[in-house]
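One structure is given below, encoded as structure tokens.
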Amino acid sequence: MSGRPEKAHGGNGEGSASTVPQGNGRRRSRSVLDGGTDQLAATRRRMEEARQPQWTLESRVEDVLQEATARSTNMKLGDFLWQNFGGRGVVDTNRNVLLKEFLKDPARYIRDARVLNEIKTTDAYLSIEGVVREEMDKGEDVRKLKQAGVFNLQKWSEAAAQVKESVHEITKSFLDAALQEANKPTTTGAPIYLEGCYESVYNASWHHVEEVPDGEGTVMKVKEGKPEQSWTYKTVGLSIEKDDGVEQSGAARLRLMVLASDKGWPYSWAGNKLIHDCYVNFEVDRVWQIVKSDLTECFSPHPGAYFEPKRRVLIGTPGIGKSMGASSYLLYQLLHCDAEKLSVVVYVIGSQSFLFDKTTHTMIRYMELSAMEHFLAFVSSRGVKGYVIYDVLEKGLNPSVFFVPSEWGMLVVTSPNENNFEEWRNHKGAAPIIINCPEEMDVKAMCFWMKHIQPTEEEAEEQLEKQAREQAKYWETVEERMDKVGPIPRCIFNELEYRIRLTAIGKAVKDINASNATDYMGVGRSKIWIAEYVSHTIVKFVRVRAVPGIEVGCNAPVSRSAMATITYHLTHMTPPVDVFNLLLRNFGCFLWVVFEYAGTAAFMNPHAVDIIQRKLTELQPEGRLTSRSSVLSDNPRGHPTRSKTLKKLSDNPARMNLECGVLYLPAVGNFPLVDALFFMESPRRTLVGLQTTTANAHHTQTSTVKLFKERVASYFNGWEEFARDLSWEIIYVQHADSTPISDWQKCNDSANLTEAENREIKAFWEEKVHQYQVTITAEM
Numbered sequence: 001m002s003g004r005p006e007k008a009h010g011g012n013g014e015g016s017a018s019t020v021p022q023g024n025g026r027r028r029s030r031s032v033l034d035g036g037t038d039q040l041a042a043t044r045r046r047m048e049e050a051r052q053p054q055w056t057l058e059s060r061v062e063d064v065l066q067e068a069t070a071r072s073t074n075m076k077l078g079d080f081l082w083q084n085f086g087g088r089g090v091v092d093t094n095r096n097v098l099l100k101e102f103l104k105d106p107a108r109y110i111r112d113a114r115v116l117n118e119i120k121t122t123d124a125y126l127s128i129e130g131v132v133r134e135e136m137d138k139g140e141d142v143r144k145l146k147q148a149g150v151f152n153l154q155k156w157s158e159a160a161a162q163v164k165e166s167v168h169e170i171t172k173s174f175l176d177a178a179l180q181e182a183n184k185p186t187t188t189g190a191p192i193y194l195e196g197c198y199e200s201v202y203n204a205s206w207h208h209v210e211e212v213p214d215g216e217g218t219v220m221k222v223k224e225g226k227p228e229q230s231w232t233y234k235t236v237g238l239s240i241e242k243d244d245g246v247e248q249s250g251a252a253r254l255r256l257m258v259l260a261s262d263k264g265w266p267y268s269w270a271g272n273k274l275i276h277d278c279y280v281n282f283e284v285d286r287v288w289q290i291v292k293s294d295l296t297e298c299f300s301p302h303p304g305a306y307f308e309p310k311r312r313v314l315i316g317t318p319g320i321g322k323s324m325g326a327s328s329y330l331l332y333q334l335l336h337c338d339a340e341k342l343s344v345v346v347y348v349i350g351s352q353s354f355l356f357d358k359t360t361h362t363m364i365r366y367m368e369l370s371a372m373e374h375f376l377a378f379v380s381s382r383g384v385k386g387y388v389i390y391d392v393l394e395k396g397l398n399p400s401v402f403f404v405p406s407e408w409g410m411l412v413v414t415s416p417n418e419n420n421f422e423e424w425r426n427h428k429g430a431a432p433i434i435i436n437c438p439e440e441m442d443v444k445a446m447c448f449w450m451k452h453i454q455p456t457e458e459e460a461e462e463q464l465e466k467q468a469r470e471q472a473k474y475w476e477t478v479e480e481r482m483d484k485v486g487p488i489p490r491c492i493f494n495e496l497e498y499r500i501r502l503t504a505i506g507k508a509v510k511d512i513n514a515s516n517a518t519d520y521m522g523v524g525r526s527k528i529w530i531a532e533y534v535s536h537t538i539v540k541f542v543r544v545r546a547v548p549g550i551e552v553g554c555n556a557p558v559s560r561s562a563m564a565t566i567t568y569h570l571t572h573m574t575p576p577v578d579v580f581n582l583l584l585r586n587f588g589c590f591l592w593v594v595f596e597y598a599g600t601a602a603f604m605n606p607h608a609v610d611i612i613q614r615k616l617t618e619l620q621p622e623g624r625l626t627s628r629s630s631v632l633s634d635n636p637r638g639h640p641t642r643s644k645t646l647k648k649l650s651d652n653p654a655r656m657n658l659e660c661g662v663l664y665l666p667a668v669g670n671f672p673l674v675d676a677l678f679f680m681e682s683p684r685r686t687l688v689g690l691q692t693t694t695a696n697a698h699h700t701q702t703s704t705v706k707l708f709k710e711r712v713a714s715y716f717n718g719w720e721e722f723a724r725d726l727s728w729e730i731i732y733v734q735h736a737d738s739t740p741i742s743d744w745q746k747c748n749d750s751a752n753l754t755e756a757e758n759r760e761i762k763a764f765w766e767e768k769v770h771q772y773q774v775t776i777t778a779e780m
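Under UniProt numbering, the very last position in the sequence shown is 780; numbers go up by exactly one each time.
So, in structure tokens, the structure goes:
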């Protein structure tokens, strides 16, 4: 077995490096190569030692035993007493005594017999006593073996039986196990240098996409380099969230950052297809901000004698880019942290692992996790500090509770399946980070980046026009897919995956019933993680806060189409399922989840409608002198009792006969003006539109009203006759944490319509439309 790693050759990547507050990694690493600081030079030597295969016949017996020990013999008595007993028994004369000396004669160092007896009966004392005595036994065995001429595993294999019997049984078992490994005729576990890969990741080039206001909407602009201003965050309990309050109205808004690595990223190295671009939206950057905060605490000059870095578990919907996005971006940022404080980054994905040595700017691949475990134990015992990114790529390939050294930080990346991480999470006390799916505009920014080109000056105008057409067409395709299967990049950017997912959603809906409906539309009070047997095809995992500062996840319909399909399925069962009451009863503590994904379903619940109709507040425009109660208040029993789906018009759905008592749910997310609607005949023929919102204002435009009228006319037979003398109402539905809408919501002119059209529609809005506001609460 070779003592040096094998090499795989390749070119170097190029690009501009970034800096972060922790330090400029490139500048510091060069100092190592040129001699550098003593600390980094020493770290480099330890790393070189650690790269030797574990174990060979030349491996020293003290190295084998040192890796297997916790090195508690160097702990001081004062530190032990402060950590476990609040400093009881500490005096000036004993605080710097080593534990191994203390255990030889405890009464010599703690004179108070009562205090000493109390300490000696605790689990902490008994545990450390066993560990320290075990380490002392190993030290004694090393001296015996050296006296017998046994310096390495080769000599151990040749040692006489009486020499082996002279050492403790635990020493013998460790040396025998190491010898067995050293004798394995294997090459698959040998580490392999991948030249140029470290530089490619470290020097990844930056681009970003901004959402720029343009008339009535926004356009996406691709720009080179890092953005001048990234996202701003605010503290929420024990975590952070994006602070939208600092964004200026009408200003360009950062939507996406793209890091391009010439040689790809570790996630793609472990697969069959090289992926160069790492997409960073707010959700991905938020993960780094949380880890950076952990590292800042870890790098503190006084973290505490027995401080352990925080361990995290990143949980998100399968297929949203956790591995390619969050893991890759975290790796990039960790490589740019101060190399003196963080010398190594390890990236594990599936059965492969990649070692990024910041002291030498090299990357090594290990094909067996056992080899990486040996490496981690070896370097950590010599004081090398690092961080592990562990991607649970395959179901059931859980991280070992012993994989990460106690002085290292670690992030486990997984789908919401407790079987993937729960044992490790409980053992390490890891805190969850819930990553949401990308927002609609994030996906649009990805589309524009994918179809972005850099034309030559001669072709600039023609090429840019062609590019704009291709970007718009591609976004239209992806948006249509997203309406049906949700914002899952794995499915919406690949036609085959999209077709497979679309078929799977249809099958999954048939399995939903009253007993498991909440698994698909929310989490119960006693459940924190996703239900084990829920189909991932029809749900997404979303971040909520059960108590202030603690983020957990729950299930929600993956798309508006899925929500409408599930609601239709449940309300047409025999007997029909009251969706709103079902969700509210099971997880009223997550009220906003009920509101966002089933708020309009409240209007199918008779008890909720009875409360709603009494809480409706009319919003009146200036100049309207008379008030009018809502048709729902005048006839609450006329509320809808079942639902139907308004399918995407581009799918050419058959026109429907218009029915009262039916809640019509649009299957697309960009349906104009309202989120749902229903009709009532008594006391007057009325269209009631429902608009859920958390904002304190929800004004619209004349073009939106016109489009809504056109859409409704396209769905229903006999619309022209039915709409004659039709009364119009809009109810703005909000939850208790929202700022209530209190003023009339305006209809503003549209630049896309003529002056006459604007005037006509605004007059209709102010004269014919009646507006109401209601707040939904858990008491419903």
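Note that beta-carbon positions come from the ideal geometry of N, C-alpha and C, so glycine has one too.
Would you kindly check if the distance between the Cβ of residue 313 and the Cβ of residue 433 is under 9 Å? yes
Going by the DSSP bridge assignment, what does residue 234 pair with across the sheet? 241
Apart from the five residues on each side of it in sequence, which residues of its chain come closer than 7 Å, Cβ to Cβ, to residue 767? none
For residue 485, which residues of its own chain have a beta-carbon under 7 Å away from its beta-carbon, when the five flanking residues on both sides are left out? 491, 492, 498, 501, 502, 505, 558, 559
Short of 8 Å in beta carbon distance, which residues of its chain neighbour residue 774, apart from the five on each side in sequence? Order them along the chain. 612, 615, 616, 617, 731, 732, 733, 734
Between residue 25 and residue 400, what straight-line distance do the alpha-carbon atoms span, to the nearest angstrom? Confidence at residue 25 is low in this model, with a pLDDT of 38, below 50, so its placement is unreliable and the value that follows should be read with caution. Roughly 30 Å separates the two Cα atoms.
When you compare only the Cα positions, how much space is there between residue 331 and residue 415? 19 Å
Which first and last residues belong to the alpha helix (DSSP H) in which residue 490 is found? 489-492
Count the other C-beta atoms from every protein chain shown that fall within 10 angstroms of the C-beta of residue 220, then say buried if there are 16 or more, exposed otherwise. buried
Does the region 322-339 come close enough to the region 268-284 that 3 or more CB-CB pairs lie under 8 Å? yes
Tell me the rounded alpha-carbon separation between residue 801 and residue 672. As displayed, the chain neither begins before 1 nor continues past 780, which places residue 801 out of reach and without an answer.
Just to confirm before moving on: does the CB-CB distance between residue 699 and residue 727 stay below 9 Å? no
Considering only their Cβ atoms, is the gap separating residue 95 from residue 76 smaller than 9 Å? yes
Given residue 318 as reference, the closest of 301, 435, 236 once Cα atoms are compared: 435
Assuming residue 765 is part of the alpha helix (DSSP H), what are its boundary residues? 755-768
Among residues of its own chain, excluding the 5 on either side of residue 391, which ones have a beta-carbon nearer than 6 Å to its beta-carbon? 323, 327, 349, 413
Can you give the beta carbon distance from residue 119 to residue 85, rounded, assuming they're within the 8 Å contact cut? 6 Å
Could you work out which residue in 639, 633, 622 is closest to residue 606 when comparing CA atoms only? 639
Going by the DSSP bridge assignment, what does residue 257 pair with across the sheet? 208, 280
Check residue 524 in the structure and name its three-state DSSP category. Note that residue 524 scores a pLDDT of 36, beneath 50, so its modelled location is shaky and nothing firm can be said.
Sort 570, 477, 474 by Cα distance to residue 515 and report the nearest one. 570
Sorted by chain position, which residues of the same chain lie with C-beta nearer than 8 Å to residue 760's C-beta, five sequence neighbours on each side aside? none
Reducing DSSP to helix, strand and coil, say where residue 160 ends up. coil
Could you name the residues that DSSP lists as bridge partners for residue 676? 690
Taking Cβ positions, are residue 676 and residue 690 nearer each other than 9 Å? yes
At least three beta-carbon pairs within less than 8 Å, the region 161-178 to the region 135-152: yes
Can you give the Cα-Cα distance for residue 409 and residue 664, rounded to whole angstroms? 50 Å
Output yes or no for whether 9 Å exceeds the beta carbon distance between residue 577 and residue 556. no
Check whether chain D comes within 9 Å of residue 766, counting only Cβ atoms and requiring the distance to be less than that. Among the protein chains of the structure shown there is no chain D, as only one such chain exists.
Within a Cβ cutoff of 6 Å, which residues of the same chain sit near residue 268, ignoring the five residues on either side of it in sequence? 274, 275
By Cβ distance below 7 Å, which residues in the same chain neighbour residue 565 in space, the five residues on each side in sequence not counted? 509, 645
Beta-carbon proximity list for residue 755, same chain, < 6 Å, skipping 5 on both sides: none
Where DSSP assigns a beta bridge to residue 354, which residues make up the other side? 347, 365
Using 8 Å for Cβ pairs, my map puts residue 58 next to residue 154. What's the rounded Cβ distance? 7 Å
I'd like to know whether the C-beta atoms of residue 116 and residue 124 end up nearer to each other than 9 Å. no
With 16 other Cβ atoms within 10 Å as the buried cut-off, status of residue 574: exposed
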